[in-house]
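Step one of this worksheet: look at the structure below.
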Amino acid sequence: MRAVVVASVFVGSLGAQGSAGVRVEEPELRRVLSDENLQAWKRHILPEAAAWAELPWLPTFHDGLVAAAEAGKPLLLWTMNGHPLGCT
Amino acid sequence: MRGRLGAFVLATDEVWRLQGGRDVTEWRANGGTDPECIAFQEMAAGGHYGPGAGSKQGIYVCTGAGELLGSINSNSPQNVVRMLDAALAKWGRLGAGERRKEHGKSAPEARFEWAWPKGGMALRVTMRYLPQDDDPGRERSRSYNHDHAWFSSEEAQRFVPEKLEVGAERVLEDVLFQRIARLHLVDAVRGETRPFDRVEGEIRVEVIAVDDGGVDLKLSGRAVGRGEQPRRGLFRPLGIKAELLGRARYSRKDERFVSLEFVGKGVRWAESRRRRRWRSSVRPIGWHFALAPEPSHGVRIAPTQIRQYSAPWLRRR
């Protein structure tokens, strides 16, 4: 699940260089985006299908409570800083 | 795991609002009354982080009446499955009446999702770190994140050049450029971050083809954001530089975009904390923006920085 991925990444090592107190110099931007490579970069950025994203998530806690009572099922609520269906 | 999930109704939500911010006691003292938040706070008080201040992130299982059956915040699938099985065992001991019992007091007073400008344009944003050598054929970085960007239908029209003839061009007005650049050209790959105060740059929209149905447009631009934000948490963004390129198709008959997508490719520099020390880092980063599909559940998830939107249609009800 994305929560697991996010949590493990967040507590894991952060890509870092240099040492404490040393300010990074502002990097130059290499301008390489073109009509020829646009689709390749699009494919690179977009994610492959993720199992969690295909599950029928209701988008709010309230919606979940109402649906759970109606269905006679327990509610599984996944809640994070930032909405998991958006930016978390 | 997937088989177990069929036993549940699944819902997901943003926790900061539900938990009442940093400290639920302060939230209530400041007049917090939203019933949906209170229902969550009462349930989560019995969960893995207990009552009081601090994050309540995680996975909770409860009845439709909000009675907690189990909770966890773990990156171990095995631990999550154990919690789910224990919660299902508790559920199995409930009577039929308890299983169907409604909460009755969880309807929200206000949600930012309600601010969606009906008929507007929603973009799905995806961001990911890129390889250092500018080769899109390289193996992809594992982490990615999403967000949404919202525009009213009137704002969407302002992406289109006034003259619909080949060569006509429009520079996206600053309020819309700043919305895209300040709030969405950020490094949130590993989690929410703060926006830049202001970003230099522009997005140009050029008509490249015209036919009976509409016009084809080219989007191009650049953005440079610099920030001197206070160190907090594990990450402090310092700057972003990006180039932008994309295409759109605008229907003259329907007066709306049939397609619109663009890629941002750039570099971010930042400070991040590791083993109690702050270190600097530079990483190539990319963004993809495209028209968002209709949500299957009928609710559009709000942009994470919607509080920062400078938009007349933004009314939090």
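Those protein sequence lines, which keep their order, are chains W and P.
Each number in the working numbering comes from the position in the first sequence (counting from 1) with 508 added on.
Each number in the working numbering comes from the position in the second sequence (counting from 1) with 75 added on.
Glycine residues also receive a C-beta, built at the ideal position from the N, C-alpha and C atoms.
The structure presented is a predicted model; accordingly, all values stated were derived computationally and were not measured.
Outcome for Lys238 (chain P) when other beta-carbon atoms lying within 10 angstroms are tallied against a minimum of 16: exposed
Mind checking Ser181 (chain P): buried by the 16 CB within 10 Å criterion, or exposed? buried
Who are the Cβ neighbours of Phe115 (chain P) in its own chain at under 6 Å, not counting the five residues just before and after it? Leu93
I'd like to know whether the C-beta atoms of Gly590 (chain W) and Thr201 (chain P) end up nearer to each other than 7 Å. no
Between Ile381 (chain P) and Arg539 (chain W), what straight-line distance do the alpha-carbon atoms span, to the nearest angstrom? 30 Å
Which partner residues of Pro312 (chain P) appear in the DSSP bridge assignment? P:Ala345
Spatial neighbours of Gly95 (chain P) in its chain, beta-carbon cut-off 8 Å, leaving aside the 5 residues before and after: Glu101, Trp102, Arg103, Gly107, Cys112 and Gln116
CB-CB under 8 Å to Glu244 (chain P), same chain, minus the five flanking residues each way: which ones, in chain order? Pro236, Arg279, Val280, Glu281 and Val282
For Lys131 (chain P), I'd like the list of residues in its chain whose CB is within less than 6 Å of its CB, leaving aside the five on either flank, ordered along the chain. Val90, Gln94, Ala119 and Tyr124
How big is the Cα-Cα spacing for Asp109 (chain P) and Gly172 (chain P)? 27 Å
Can you list, in chain order, the residues of its chain with a C-beta nearer than 7 Å to that of Gly296 (chain P)? Leave out the 5 residues immediately preceding and following it. Gly276, Glu277, Ile278, Arg279 and Leu319
Helix, strand or coil for Thr100 (chain P)? Go by DSSP, reduced to three states. helix
Let's see if you can read the secondary structure: which residues bound the alpha helix (DSSP H) around Pro152 (chain P)? Pro152 to Gly167
Is Arg103 (chain P) close to chain W? Criterion is C-beta to C-beta, closer than 7 Å. no
With a threshold of 8 Å on Cβ separation, who are the neighbours of Arg175 (chain P) within its own chain once the five nearest residues in sequence on each side are excluded? Gly139
Between the C-alpha atoms of Gly133 (chain P) and Gly572 (chain W), what's the straight-line distance to the nearest angstrom? 15 Å
Start and end of the beta strand (DSSP E) containing Gly172 (chain P)? Careful: Gly172 (chain P) lies outside any beta strand (DSSP E), inside the alpha helix (DSSP H) at Ala171 to Arg175.
Where do the N-terminal and C-terminal ends of the alpha helix (DSSP H) with Cys595 (chain W) fall, by residue? It is not in any alpha helix (DSSP H) - Cys595 (chain W) carries neither H nor E in the DSSP assignment.
The region 262 to 276 of chain P: positions lying closer than 7 Å to chain W by Cβ: Ala263, Arg265, Gly266 and Glu267
Using a Cβ-based criterion (distance less than 6 Å to any ligand heavy atom), does Ala365 (chain P) qualify as near the ligand FAD? For the structure depicted, the ligand FAD is absent and the ligand set is empty, with no information on it obtainable.
His363 (chain P) lies in the alpha helix (DSSP H); which residues open and close that run? Segment Arg352 to Leu366 is the beta strand (DSSP E) holding His363 (chain P); no alpha helix (DSSP H) there.
Contacts that Glu534 (chain W) makes with chain P (C-beta to C-beta distance below 7 Å): Gly314 and Trp344
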